[in-house]
Amino acid sequence: MRRAGLALWRSKAGLGSLQGQLLLQQQQNQTRSYARSVVLTEEEGQQRVVEASLTLVRELARLKADHVRKRGGSIATSCMLGVPLGHNSSFLQGPAFSPPRIREAIWCGSTNSTTETGKQLEDVRVLTDVGDVPIQEMRGCGIGDEVLMRTITDSVKLVMDEPPLRPLVLGGDHSISFPVVRGVSEFLGGPVDILHIDAHPDIYHAFEGKHYSHASPFARIMEGGHARRLIQVGLRSITQEQRDQAKKFGVEQHEMRNFDQHREKLQNLHLGEGVKGVYISIDVDCLDPAYAPGVSHIEPGGLSFRDVLNIVQTVKGDIVGCDVVEFNPQRDTVDGMTAMVAAKLVRELCAKMSKKFMQCEW
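Using our numbering, read the sequence shown as starting at 16 and increasing by one per residue.
Below is the structure:
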């Protein structure tokens, strides 16, 4: 049918004649000229990719929030947002592969979908998911760290712009905490208090020349005025530079060598008063390797899993955002033990952050 139509068009256009051939050549030249006129510069192409990435997050957040709002009764719903970024790691880049592994472990069926405090993860008012920021696709287009960090920040703000959603971010290496906290702070219009549980302070001014290293996010956060208090727990690998940085920014550091002396205090933290809320950042290597071997930087002598949960479950304050970072699936055991540990952390953070109206039942 198409061939018959083309033959008819050629016949009417007189393409067998010289005039017709000239007409066809003219049309082809016009087509090529138009194609050349719409060729994008590399920068314009990258901007389109960023806009498309943000559109995806925006529309997914809107759709998921609509589902939550239709059910009713939620003040705060935990919303998973994956940030599969690993290239700012100083040793191994496996954390880029962790978001899908964490999701798989959450829903794998080896445990039920009820949190320790009785919340049902299958209820969309407790937990929903908007997928991943397409980090690797953007990097494949030549987009650098400055734009990547801003895109992560804007993605977090798009999630928060759809109440009652609050970001529960799946890393990725720890460099993502800076743009995520920045997004929370910018959206809420002021600083937050941060509970940071980690083997390392991650507060170098820069590490190995990288401004956005996974060893530097909390320097960027404090420089930007995005946090008032920064409480770091579980530390057991600290250089003098990081001690100096902590003193400069007024960071409250609790090292493992003194943990037993501060256990009661750390399991009764009151945060968020006079600021916009509380942000919790958990690096999986805060745990002793016996509990979580699947990390890039193994540091013996860490927290037990119950220590971490006791701190998280007892903290007082309005939790406005969280992240779980630095799980490295490439270092995990065959049975995926660390994936299950990371998933459990996400589940219990979800339970801590999600809130309902008093009169509603979940």
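Using N, Cα and C, we set each Cβ at its ideal position, and we do this for glycine too.
According to DSSP, residue pairing for residue 342 in a beta bridge involves 310. For residue 353 and residue 250, the gap between their C-alpha atoms comes out near 20 Å.
For residue 181, DSSP records a beta bridge to 93.
A Cβ-Cβ contact shorter than 8 Å links residue 86 with residue 139. Counting only residues of its own chain and dropping the five nearest sequence neighbours on each side, residue 295 has a CB closer than 7 Å to the CB of 210, 327, 334, 337, 364. Membership of residue 80 in the alpha helix (DSSP H) is indicated by the continuous run 57 to 86.
With fewer than 16 other CB atoms across the displayed protein chains lying within 10 angstroms of its CB, residue 255 is exposed. The beta carbon of residue 158 sits closer than 6 Å to those of 61, all from its chain and outside the five residues before and after it, given in chain order. Look at residue 324 here: in three-state DSSP terms it is helix.
Residue burial annotation: residue 137 is exposed, with fewer than 16 other C-beta atoms found within 10 angstroms of its C-beta.
Residue pairing by DSSP puts residue 129 in a beta bridge opposite 135.
Sorting 305, 235, 321, 231 by C-alpha distance to the C-alpha of residue 104 places 231 at the top. In the three-state reduction of the DSSP assignment, residue 362 falls in the helix class. Contact between residue 292 and residue 207 holds, since their C-beta atoms are separated by about 5 Å, short of 8 Å. DSSP places residue 123 in the coil class of the three-state scheme, outside both helix and strand. Residue range 142 to 147 is occupied by the beta strand (DSSP E) that includes residue 146. Secondary structure of residue 186 (DSSP, three-state): strand.
DSSP places residue 251 in the coil class of the three-state scheme, outside both helix and strand. By the 16-neighbour rule on beta-carbons within 10 angstroms, residue 123 is exposed. Straight-line measurement puts the Cα of residue 187 at about 17 Å from the Cα of residue 155.
By DSSP's assignment, residue 245 forms a beta bridge with 209. With contacts defined as CB atoms closer than 8 Å, residue 346 and residue 309 qualify as a contacting pair.
A distance below 6 Å between beta-carbons, with the five flanking residues on each side excluded, links residue 101 to the following residues of its chain, in chain order: 108, 110, 111, 188. Separation of residue 66 and residue 205 (C-alpha to C-alpha, rounded to the nearest whole angstrom) is 26 Å. Residue pairing by DSSP places residue 226 opposite no residue, since no beta bridge is assigned to it. In this structure, DSSP gives residue 301 a helical state, which the three-state scheme calls helix. Following the DSSP letters along the chain, one finds residue 268 inside the beta strand (DSSP E) bounded by residues 267 to 270. Straight-line measurement puts the Cα of residue 183 at about 15 Å from the Cα of residue 299.
When 96, 360, 261 are compared, the shortest CA-CA separation from residue 180 is found for 96. For residue 322, the closest alpha carbon among the candidates 164, 303, 312 is that of 303.
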